[in-house]
Amino acid sequence: MLERDYVYSVEPGGGSQDRQFVTALARGLEVLRCFRPHDRHLGNQDIARRTGLPKPTVSRLTYTLTRMGYLYHDERLGKYQLGTSVLSLGYSLLTNMDVLKIARPLMQELADYSHTVVSVGTRDRLGMIYLDGRHSTAATVSLRREPGTRVPIATTAMGRALLCGLPEPEREQLLDHIRKRDEDSWPQHKAGIEQALRDYRERGFCFSIGDWRSDVNAVGVPMLPVAGCRLLTFNCAAPSFVLRRHMLEDDIGPRLVNLVRTIESEAARY
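Numbering (numbering that gives the first Met the number 0), first residue to last: 0 to 269.
Structural data, given as structure tokens:
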């Protein structure tokens, strides 16, 4: 899925129809979003293809972003990579999230207990983005997800937990965007999401049992906004041969709920 599929798709006011919306700024940010975790260098042609912007526009944007330190131009390759100014923005976000400071030791404790990875993420347009993850120190097989990794909403425990935590009008709007993005897969996605909503109402957590990847099982719990923080979701995931469904239902799911409630309680004191 190209990055341009996300452009303005869920922004209030419909992007260019909003008089307060600065299109030039949005385009510059879209250029930066083109760089995915495994992209080291991109050329203007690569960026134009991913954003759907004209190549002359892309050339002006990359020049400006380079001058400001958000991109670095490799003259030998004639391509760009992210600059240090981008890193400073992300670092400032993560270091100022008090919730993560509270969550990390609790996440590590659950990861070590369950021999899994416990992660926290939030919504990024039509996907979820990982903010942090704690890995079991004893696990022989681990699902490493570095900060900045994106995963889908509809098929992951992290994404389904987000849907469970959203107010109904916002959830319905988001589901409409997801449906329009992939009409063919929507009936299957819808069934999984409806089951997740039922599980959340009954248990306080929801599942992804091989729905995102056939060899991965996971459980997710939303943490409602607290202490000025946006809606976050926590999940616990592992290969299916490590984490069976009955383990999620009877043990790991309730422990993850308790973890999130503890974080909410601690964060409310800040």
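Quick reminder that beta carbons are idealized off the backbone N, C-alpha and C, glycines included. Computed from a predicted model, the values in this text were never measured in an experiment.
- Distance between T50 and R3 (C-alpha atoms, nearest Å): Caution is warranted here: a pLDDT of 39 is assigned to R3, below 50, making its placement in the model unreliable, and no coordinate value can be reported.
- Item | Close-in-space but distant-in-sequence residues of the same chain around R229 (CB under 7 Å, 5 per side omitted) | T121
- Give the straight-line distance between the Cα atoms of S87 and W211, rounded to the nearest whole angstrom. Going by C-alpha positions, S87 is about 32 Å away from W211.
- Assign M272 to buried or exposed, taking buried as 16 or more other Cβ atoms, counted over all protein chains shown, within 10 Å of its Cβ. In the structure as shown, the chain starts at 0 and stops at 269, and residue 272 therefore has no counterpart that could be examined.
- Task: Report all residues from its chain with a CB closer than 8 Å to the CB of E265; omit the five preceding and five following residues, and keep chain order.
- Result: I101
- Whole-angstrom distance between I152 and N43, CA atom to CA atom: Cα to Cα, N43 sits roughly 30 Å from I152.
- Task: Pick out whichever of R59, S184, L109 and Q80 has its Cα sitting closest to the Cα of H37.
- Result: Q80
- Item | Cβ neighbour criterion (16 or more within 10 Å) applied to A47 | buried
- Message: Here's a check: name, in chain order, each residue in its chain whose Cβ is nearer than 7 Å to the Cβ of K54, leaving out the five neighbours to either side.
- Response: N43, Q44 and A47
- Item | Spatially closest choice to A236 from D250, N216 and R243, by CA coordinates | N216
- Beta-carbon proximity check, S135 vs A156, cutoff 8 Å: no
- Grab me the residues of E169's own chain with a C-beta within less than 8 Å of its C-beta, minus the 5 sequence neighbours each way, in chain order. none
- Under three-state DSSP, which class holds R149? strand
- Message: Give me, in chain order, the residues of the same chain whose beta-carbon lies closer than 8 Å to that of I192; leave out the 5 immediate sequence neighbours on both sides.
- Response: A153, R159, L162 and L174
- Task: Kindly identify the DSSP beta-bridge partner or partners of Y112.
- Result: Note: Y112 sits in no beta bridge, so no partner.
- Simplified DSSP assignment, three categories, for T261: helix
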